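Residue numbers (the working numbering): 85 to 185.
(1) Determine the DSSP secondary structure at residue 98, reduced to helix, strand or coil.
(2) Tell me the rounded alpha-carbon separation between residue 169 and residue 93.
(3) Ignoring anything shorter than 4 residues or poking outside the region 139-184, list the alpha helix (DSSP H) runs there in chain order.
(4) Ignore the nearest five residues each way along the sequence and tell me which others in residue 181's own chain have a CB closer than 6 Å to its CB.
(5) To which residues of the same chain is residue 103 closer than 8 Å at the C-beta, ignoring the five residues directly before and after it?
(6) Of all the options 147, 164 and 107, which has the alpha carbon lying nearest to the alpha carbon of residue 171?
(7) If the criterion is Cβ atoms closer than 8 Å, does the pair residue 166 and residue 91 meet it?
Below, the structure is given as structure tokens:
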């Protein structure tokens, strides 16, 4: 399955994904998928949802090019980050295909 299709499935199921970015394994909660500047992009909360564990968050919202992600897979047992991104984080995706409502 392509990275785009896996990310789409993750958004539909509200599932955390694991992936490789710049050679490093990472995880995140994808919230929107579509195109920006003609490039497929995903809006994702990357990292652990650490505030639920009582420690300061080390995560961030990112708008990433889908082509930069490899080895994308679902991690259904991890808690999905349900927060809402600010408008500035959503600017990278101009044509939304799917998003968390």
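Each residue gets a CB set at the ideal place from its N, CA and C atoms; glycine is no exception.
Computed from a prediction, not measured in an experiment: that's the story for all the values here.
Taking the geometry as given:
(1) coil
(2) 20 Å
(3) Listed in chain order, they are 171-174.
(4) 117 and 118, listed in sequence order.
(5) A distance below 8 Å between beta-carbons, with the five flanking residues on each side excluded, links residue 103 to the following residues of its chain, in chain order: 87, 109, 110, 111, 112, 153, 154, 155, 156 and 157.
(6) 147
(7) no
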